[in-house]
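Each residue of the sequence shown is one higher than the one before, counting from 267 in our numbering.
Okay, structure first, notes after.
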Amino acid sequence: MSQISIKAVFMRGGTSKALMVQPHHLPSNTAQRDALFCAAMGTPDPYGRQLNGMGGGVSSLSKVCIVGPSSHPEADVDYTFGQVAIKERKVSYQGNCGNMSAAIGPFAVDQGLVQPQSPTTTVRIYNTNTKKIIHSTFATPNGQTQYSGDLAIPGVGGTGSPIKLEFIEPGGATTGHLLPTQHVKQTLIIPELGALEVSMVDAANAAVFVRASDLGLTGLELPDYLESHPDILAKLELIRIHASVAMGITQTLEQARTVSLVPFVAFVSPAQANPTLSGEIIPAANMDIIARVISSGQPHRALPLTVSLCTAVAARIDGTIVAELLPAHYQPDQALRLGMPSGVLTLDAHVSQNQAGNWQAHSGSFYRTANRLFDGRVWVNSEDLHPCL
267 MSQISIKAVF MRGGTSKALM VQPHHLPSNT AQRDALFCAA MGTPDPYGRQ
317 LNGMGGGVSS LSKVCIVGPS SHPEADVDYT FGQVAIKERK VSYQGNCGNM
367 SAAIGPFAVD QGLVQPQSPT TTVRIYNTNT KKIIHSTFAT PNGQTQYSGD
417 LAIPGVGGTG SPIKLEFIEP GGATTGHLLP TQHVKQTLII PELGALEVSM
467 VDAANAAVFV RASDLGLTGL ELPDYLESHP DILAKLELIR IHASVAMGIT
517 QTLEQARTVS LVPFVAFVSP AQANPTLSGE IIPAANMDII ARVISSGQPH
567 RALPLTVSLC TAVAARIDGT IVAELLPAHY QPDQALRLGM PSGVLTLDAH
617 VSQNQAGNWQ AHSGSFYRTA NRLFDGRVWV NSEDLHPCL
């Protein structure tokens with residue numbers, strides 16, 4: 267059995283981990299590239315553990331990032347995100363990963379793609395998946411990336427150096443429109459579920475929001491509970507595929523079943539005592555709203571950052587389900603405190619409505635940490651390089 271290898275770096279970004287690769291280290295043929303990514307992550311694995319590769323058996327740990335010089339006039343590097351499936355040989359490029367976006371700037375500096383400044387460096391990132399610009403600002407004392415620091419983020423043990431991510435004009439990242447159906451709230455008719463009120467918003471990534479109570483849920487369900495109830499996951503998948511067609515992401519329900527990354531599905535509930543994966547129960551007064559998100563068919567153990575940003579944007583749009591669930595004392599200029607399975611995430615978004623009544627998302631920002639875990643070569647068995655779906 268022969269093996270081949272490619273140069274790569276393995277990094278944590280926020281609550282995700284991914285292989286970081288420069289484009290000149292990859293095959294130019296996209297089918298060969300994707301086959302390499304699947305083999306490197308240990309996909310497909312019918313047992314769902316990816317023990318033969320770098321993946322970790324959950325969607326947040328089965329990712330790749332391609333980072334290289336940018337031809338965009340307002341960016342320093344291009345960043346392409348790939349979500350590698352676990353049980354099927356497939357790589358999706360339908361959306362971005364906000365968590366791994368935190369690793370792009372440090373990677374670019376460490377690899378010599380961007381000249382660092384001191385004491386901080388801002389890297390302008392062009393995400394090719396969404397055609398959007400992200401500004402990443404982080405500490406680079408003496409021209410070197412600083413990874414150690416005092417910032418703790420929900421879902422990650424320990425602390426790290428803060429990385430500020432600002433998404434510029436995030437609206438329409440998937441569909442080209444902040445409100446793909448032009449409605450802040452509407453009813454989806456789903457034969458298996460009946461009439462269901464949802465809000466469909468596209469900022470950083472497309473998402474469909476539904477009240478937890480409308481699904482017979484409390485909104486406090488943790489990932490293990492959801493995974494043990496396939497009937498709940500089946501309902502959420504039905505919502506996702508019908509929203510995909512309504513938002514124009516796909517043309518048919520059959521096609522929507524094959525595009526698993528977007529839209530994300532989030533069921534939301536008012537602020538209440540929120541149990542977390544660590545066993546802590548966070549008081550309702552410490553948050554403004556609670557969300558649970560399904561990512562590539564799996565309950566997310568934290569929250570995808572792009573969906574978190576989309577939630578913050580939706581909170582600023584009058585009439586959305588998210589906005590209607592906020593506490594009465596919430597002020598539109600406040601940062602949003604978003605409860606999730608791993609704790610509370612604080613985000614900010616700048617959204618306005620013009621004289622014609624159209625909503626526009628100008629920016630969204632939050633802080634993450636990242637860590638460089640190893641660099642070297644990733645080896646795969648040549649016989650595993652089958653074409654991906």
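Glycine residues also receive a C-beta, built at the ideal position from the N, C-alpha and C atoms.
Put simply, the backbone Cα of residue 621 is about 19 Å away from that of residue 447. Excluding the 5 residues flanking it on each side, residue 637 has same chain C-beta neighbours closer than 6 Å at 278, 413, in chain order. Distance from the CA atom of residue 427 to the CA atom of residue 460, rounded to whole angstroms, is 48 Å. By the neighbour-count definition (other C-beta atoms within 10 Å, threshold 16), residue 508 is a buried residue.
The three-state reading of DSSP puts residue 596 in coil, since its state is none of H, G, I, E or B.
Here DSSP, grouped into helix, strand and coil, assigns residue 545 to coil. With contacts defined as CB atoms closer than 8 Å, residue 537 and residue 553 qualify as a contacting pair. Looking at the backbone, the Cα of residue 497 and that of residue 504 are separated by about 11 Å. In this chain, residue 295 is not harboured by any beta strand (DSSP E), its DSSP state being neither H nor E.
A Cβ-Cβ separation of about 6 Å places residue 533 in contact with residue 558 under the 8 Å criterion. In the three-state scheme derived from DSSP, where H, G and I count as helix and E and B as strand, residue 354 is classed as coil. Straight-line spacing of the CA atoms in residue 506 and residue 522 works out to 8 Å.
The alpha carbon of residue 321 has as its nearest neighbour, out of 550, 529, 307, 374, the alpha carbon of 307.
The continuous beta strand (DSSP E) containing residue 629 extends over residues 625-634. The three-state reading of DSSP puts residue 277 in strand, counting E and B together. When C-beta atoms of the region 580-599 are compared with those of the region 330-338, fewer than three pairs fall below 8 Å, so the two segments do not count as touching.
In the three-state reduction of the DSSP assignment, residue 419 falls in the coil class, being assigned neither a helical nor a strand state. Membership of residue 501 in the alpha helix (DSSP H) is indicated by the continuous run 496-512.
Under the DSSP assignment, residue 340 falls outside any beta strand (DSSP E); it carries neither an H nor an E label. Residue pairing for residue 304: DSSP places it in no beta bridge. Less than 8 Å separates the beta-carbon of residue 396 from that of residue 362. If you draw a 10 Å sphere on the C-beta of residue 458, you find fewer than 16 other C-beta atoms in it, and that means exposed. In the structure shown, residue 376 adopts helical secondary structure according to DSSP, grouped into three states.
When secondary structure is reduced to three states using DSSP, residue 371 falls in the helix class. Distance between residue 602 and residue 515, taken at the CA atoms: about 28 Å. Look at the beta carbons and you see the region 464-476 touching the region 582-598: at least three pairs across the two are nearer than 8 Å.
Annotation for residue 576: 467, 469, 470, 471, 473 place their beta carbon closer than 7 Å to its own, counting only its chain and skipping 5 residues before and after. The DSSP-derived three-state label of residue 320 is coil. Going by DSSP, residue 576 is part of the alpha helix (DSSP H) stretching over 571-581. As computed with DSSP, residue 271 is found in a beta bridge with 645. Judged by pairs of C-beta atoms under 8 Å, the region 413-422 touches the region 629-646, as three or more such pairs exist. For the 8 Å CB-CB criterion, residue 311 and residue 356 do not form a contact. The C-beta of residue 650 has 16 or more other C-beta atoms within 10 Å across all chains shown, which makes the residue buried. Excluding sequence positions up to five before and after residue 430, its CB lies within less than 6 Å of the CB of 403, 633, all in the same chain and listed in chain order.
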